[in-house]
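A quick write-up on the structure given underneath.
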Amino acid sequence: MSPTYTRIEVSLKPGLDDSTASGFLKKIEMALPGIRKKIRSARTMDVFWAKLPLKPSSEVLAEIFQDPVLQDLNFGLKPVALPFEGVGIEKKFRPGVTDNVGKTALEAFQIVLGRSLPDAQVASGAVLWLEPEANQNLLDSDLDQVARQVFCNPLIEAHRVLKTAGTDSATRFDPAQVQKDFPEVRLEGMDVSKAVSKIRLEGLTDSQLERLSRESLWAMTLPEMQAIRTHFQALGRDPTDVEMEVLAQTWSEHCKHKIFAAEIEYQSSDPNDFPGASEIPSQVDGLFKQTILGTTKQISRPWLLSVFDDNSGILAFDEKDAFCIKVETHNSPSALDPYGGALTGIVGVNRDILGSGLGAKPIFNTNVFCVADPDYSKELPERLLHPRRILDGIRKGVEHGGNKSGIPTVNGALFFDDRYIGKPLVYCGTGGWMPRQSAGRNCELKEVEPGDRIAMVGGRIGKDGIHGATFSSLALDEGAPATAVQLGDPITQKRAADFILEARELGLYRAITDNGAGGLSSSVGEMARISSGAKMDVSRALTKYPGLKPFELVVSESQERMTLAVDPKRWDAFLELAARRGVEVSDVGTFTDSGKFEIFYGKTLVADLDLKFLHKGNPRLKLQARWKGISAQTGAKGEEASTAQLGQTLRTLLSRNTIASKEWLIRQYDHEVQARSVLKPLQQGEIGHAGSDRNTPNDAGVIQPKKDSKKGIVVGCGLNPRLSDLDAYWMAISSVDEAVRNVIAAGAEFGTEDSVIALLDNFCWPDPVSREDFCADLVRACYGLKEAALALQAPLVSGKDSMKNDYRGKLAGKDVHIAVPPTLLMTAVARVADVTKVLSADFKKPGDRVYRLGPAGENSVSLLGSEWARLHETRGKPLGPVLRPDWKQARALYSWLATNSKSNFRRHLRSLHDLSDGGLLVALSEGLFAGRLGLKILADAFPKTDLACFGEGLHGFIASIDGQTSASDLQAMQAEWKNLGIQFTEIGQVTAEPELVFGKEKLATTQDLARAFRKEGYWE
Amino acid sequence: MKVLIVCGDGINCEVETAEAFQEAGFQTQIRHLNDLIAERFDQSRLAAEFSVVALPGGFSFGDDLQSGKILALKISHGLGWDLNRFAKDGGWVLGVCNGFQALIRLGVFGRDLSIMHNASGKFLNTWVELKREGDRCLWLKGIQGLPVPIRHGEGRIVLKEGITARDLIASGTACLTYQTDPNGSAGRIAGLTDETGRILGLMPHPEAFIRAVNHPTWTRDLDPASPGLGLQIFKNAFEQMKTGKFA
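Sequence order for the protein chains is A and B.
Letter by letter, the first sequence follows residues 31 to 1050 in the numbering used here.
Letter by letter, the second sequence follows residues 46 to 292 in the numbering used here.
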């Protein structure tokens, strides 16, 4: 029976305002102001193309697609008038791109018709109708620009122009036309004998080998290609394309971390180096082993259940439960399709959690974006999207990924630097929760027995995401393949996640991992190491459409898939539960102990790889690193500034993109779902007024994961790429210290053997292979990280590196290379001893005394690498000292402030905030906003210099102490600080009058400062 | 007194909803929609086995087509529940956020109103102060105002032409309003009830304010060990059912 094709249009009733259309108008205004002037108004319309076995009745269509109070429905019977005469841009997904709305519409047909519709399909799209201003004409070229720059992403969406008047309104409903418009993947039927090819490496010259690797998008180096040739020479045969793809994926930088395993020759000629840095060896035998793993081994704690072996680090929470955490990056895909890239990033790291140990439940998300200035007005290099569009897209991607999955986004950061124009950095993190024992097994363990079935669970395989792993290991150039972009589907994944956690409790599977980069090749290839072999038939994998080649089935990175090892005895029960939960399972083979990774397509063997060669056969990389010493001039900067100057600088700093309020972003994320929230990203002074100026940013997010335990989890981050330009060693120390200070401020445990506090490292680097200086930065960052983590006794439990954050392309016809600044995101996660002792960052009451705690006096802060320095173009001028850490004081102070503090005086604290971006006056101002309070700074509290007021440093906090505290307690507390070697400065007193006063002079009113901080109307 | 809490297909607040009901004294069962359909868990079984049905918050079917829409289609086609009938027979119904949207799509509050995108076009997570309207809704006994979080992108109640928010408030159908205007909802309506007062649908999340530490200003002005005010809604239902006092 031949299918019928129907076009369905759904539009809001003309009387209702269309906020989606208003949103697009705003974006057109920002991107294409000239065209915006020609447009009077806009409306949007949803479009569906349905391919069904029978013609749907009007009643069925109305039931599915129309809400009679809100919408008009048009499927060609009678035209529906638009509120204006104009033109429209219609968009739909390109064939093969994930279409979540289309999938849901198909489910709706199945629900309403009461049966499954195996060959039916529904595609979704949208129209943006534009009404021109009187006497204005919207040219086709205008519409094309609106489509490309605002409405569509041409990489994944096709568009065309529609007219409201004229003939096409009738013809677009004609079934023959609808069939033509239907975005369907049509691949040729496949002949297996031709679908697999042999790759001849024999007799190729070095340059031919390199070219073959490049053109096949394998991203393998010459020594790697040579190693493969030697291996297959010994076997007496040529490799197949499937084998080459599996090797390329397994050996990719993304999966194998070759740079972190490399032998590095490190040279330094810096007589004034950090004492710790001068001990870096000249031959580094693998940075990961020496610094990251080495640190954790040295600290070694009983609550570290699993580190670096699994998809995330797993930590004990108490006797019964454990939590885990992972942070990923998704930079290259986000450069091409910000929405899809970020969405895939967040649902991807959720799967890491789901695939940790026996499977954990995601309980919070974090996200950090590094992008160029949203006001970037210079010409953009080819193929790059404007930063405002990037930011808008990644924001929406994380919003959909987190909100739709029911996972609260509890912490994050935004950092701006124009060098992120070539590659934006998108960090996505997730925390998970699991019982320490599930169905009688330890939850952190992964076991696979020979004979276990290999189950692929969740989504289906398509061409999307082919070469993702190898692609992310390449610099972004003009040949980037469109298939590298994928769109996540949070709902399919949510269903799969619910099913998996249920199956875990029933003991229905033995091991689990996620399908991320490298697809089945990676997930099965990795799990095969546990049983020592795997045999799979990829022709049995469910696909989105027919015609995929064996190698595509093996390396496709189509989303929402998990790979599980299932005991054959539990197989039927496993399938039965999956069917009841509406989750698809592909039975793709069995784990073996053959020592081989064997891949079949039907009966044909398409890959037969030795596991040892696959996982250990890649030659080791050798790198050169050279450090020339700090380039900036150091020294004092101490001229007295006038109060007016200080007030002006303060307001300017508060409105810097990196410092200014992120409320516009934070409130579009659900940060409270699961109802465990204790400390939110913003501290409000009153409720009921979103967008009011009464918000103080908190330092970290806190949740209370168990309703019957007062213990909590706190997560925060530290990031300071500004210092990378001076010295990556310092940068790493600063990032670790800031991350730890953030979680201390919000209630972390610290300072005892059983204080649960851990770190995650995420490196996003410009290519260290091609440049000795970037490589030296990497070495120094790793050793700086080691020094800080050891000093603070915070083990590293998980991490990820992304080493090719370079753009190579053309700007105005000329070749350009844009490298991101070496960027290290440190995430700190800790247990909170008692959530009722958590402090927020805002000052509470008039009369409370404000202290600065931590290193004081000369050499405690510097303007080098500060936001102040960014604001003032000060190349070459001395801006202050290079700061040295004072770990002894830091440990004493952090222990005193922690929620497991032994001090009897901590109870007098009313607020706690770390001193970071923008320095002292910025931190003090932020504390005023929530309570709309004021502060009177003592005239001699600190000098009125830029250095003292805006310098940034290590280890510092702003604390406020209950004004009712007795004089004797105050004295005893100060004596305790002195005894412990904790420096403190009394700053002043909180006042009811909402203004910031320094001595006798007013710097600014709280309202002025809050207004600067909010940057009203700037963000979208 | 047993509560049926529906889950599956992207619903995601089932655990905290169950905990809130338990905290108030109820026994709860979280059941997957597909299991209920497979077991043909129809109206008579529902009424026989449960005193309360809760549709929790979440993103059923990804909010695709319209929020709560496909969930409503699945409940009406797959289970054939008539929740108005269930309430008339003495049952209690709670729909929060996405569950509320599904109740609206099911027509539980009549066909003269609907719900759509916030006026801002944006998802919004913030705390709001609610005000009780009228005294028909039994879930709200003794509650005058209530601070609660909202977390939604589609919370704007829209009324059919000729109907006003004042009519709905006067008739008792609109039982909760926002003190401020977070989403452009007609008459700032935040929650609706049925004729019996035993059905409550609302956009804000009372189950997310069970403990004082959930409140955004607790570090300033609340005793962190005290319970959250959101719990009162669940306790109200429990107390009235226990004493059999259906006002």
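Cβ atoms here follow ideal geometry from the backbone N, Cα and C, with glycine treated the same way.
Values in this document were obtained by computation on a predicted structure and should not be read as measured data.
So, is the C-beta of residue i closer than 7 angstroms to a C-beta in chain B?
i: T134 (chain A); result: yes
i: S468 (chain A); result: no
i: L1010 (chain A); result: no
i: Q698 (chain A); result: yes
i: I521 (chain A); result: yes
i: T439 (chain A); result: no
i: K874 (chain A); result: yes
i: T374 (chain A); result: no
i: T866 (chain A); result: yes
i: K524 (chain A); result: yes
i: H701 (chain A); result: yes
Residue i versus chain A: which residues are under 9 angstroms apart at the beta carbon?
i: A83 (chain B); result: R610
If we define contact as Cβ-Cβ less than 7 angstroms, is residue i a contact residue for chain A?
i: K119 (chain B); result: yes
i: E284 (chain B); result: no
i: I115 (chain B); result: yes
i: G246 (chain B); result: no
i: D109 (chain B); result: yes
i: T262 (chain B); result: yes
Can you look up residue i in the DSSP assignment and give me helix, strand or coil?
i: Q175 (chain A); result: helix
i: L147 (chain A); result: coil
i: P162 (chain A); result: strand
i: A235 (chain B); result: strand
i: L841 (chain A); result: strand
Would you report the Cα separation of residue i and residue j, rounded to the nearest angstrom?
i: R177 (chain B); j: T238 (chain B); result: 11 angstroms
i: A302 (chain A); j: N889 (chain A); result: What sits at residue 302 (chain A) in the sequence shown is Asn, not Ala. Between N302 (chain A) and N889 (chain A), the C-alpha separation is close to 15 angstroms.
i: H189 (chain A); j: D87 (chain B); result: 46 angstroms
i: A51 (chain A); j: F114 (chain A); result: 14 angstroms
i: Y759 (chain A); j: K286 (chain A); result: 25 angstroms
i: E187 (chain A); j: G371 (chain A); result: 15 angstroms
i: G549 (chain A); j: G385 (chain A); result: 14 angstroms
i: G423 (chain A); j: P368 (chain A); result: 5 angstroms
i: E89 (chain A); j: D528 (chain A); result: 34 angstroms
i: G289 (chain B); j: A282 (chain B); result: 10 angstroms
i: L274 (chain B); j: P261 (chain B); result: 13 angstroms
i: L185 (chain B); j: L191 (chain B); result: 10 angstroms
i: L265 (chain A); j: V276 (chain A); result: 17 angstroms
i: L790 (chain A); j: A249 (chain A); result: 27 angstroms
i: A541 (chain A); j: D597 (chain A); result: 9 angstroms
Report all residues from its chain with a CB closer than 7 angstroms to the CB of residue i; omit the five preceding and five following residues, and keep chain order.
i: E59 (chain A); result: R66
i: Q209 (chain A); result: Y35
i: A63 (chain B); result: I50, T73, I75
i: A92 (chain B); result: F131, D134, G136
Quick one: what's got a C-beta closer than 6 angstroms to residue i's C-beta in the same chain, skipping five residues either side?
i: E817 (chain A); result: G306
i: N57 (chain B); result: G103
i: G895 (chain A); result: R752, L753, L756
Which chain B residues sit within Cβ distance under 7 angstroms of residue i?
i: G53 (chain A); result: G166
i: G144 (chain A); result: H122
Check the Cβ of residue i against every Cβ in chain A and list those closer than 7 angstroms, keeping chain order.
i: E61 (chain B); result: Q704, A705
i: S159 (chain B); result: D97, V99, L100
I want to verify the contact list: residues of chain B whose CB lies under 9 angstroms from the CB of residue i, in sequence order.
i: G718 (chain A); result: T171, W172, V173, E174, P192, Y223, Q224, T225, P227
i: A860 (chain A); result: Neighbours of A860 (chain A) on chain B: none; closest Cβ ~17 angstroms, over 9 angstroms.
Less than 6 angstroms separating the Cβ of residue i from some heavy atom of the ligand ZN?
i: A63 (chain B); result: Absence of the ligand ZN is noted for the structure shown, with no ligands found whatsoever.
Counting only Cβ pairs nearer than 8 angstroms, list the residues of chain A close to residue i.
i: V203 (chain B); result: L46, V99, L100
Excluding the 5 residues flanking residue i on each side, which residues of the same chain have their C-beta closer than 8 angstroms to its C-beta?
i: R810 (chain A); result: A307, I310, W657, D757, A758, Y759, A762
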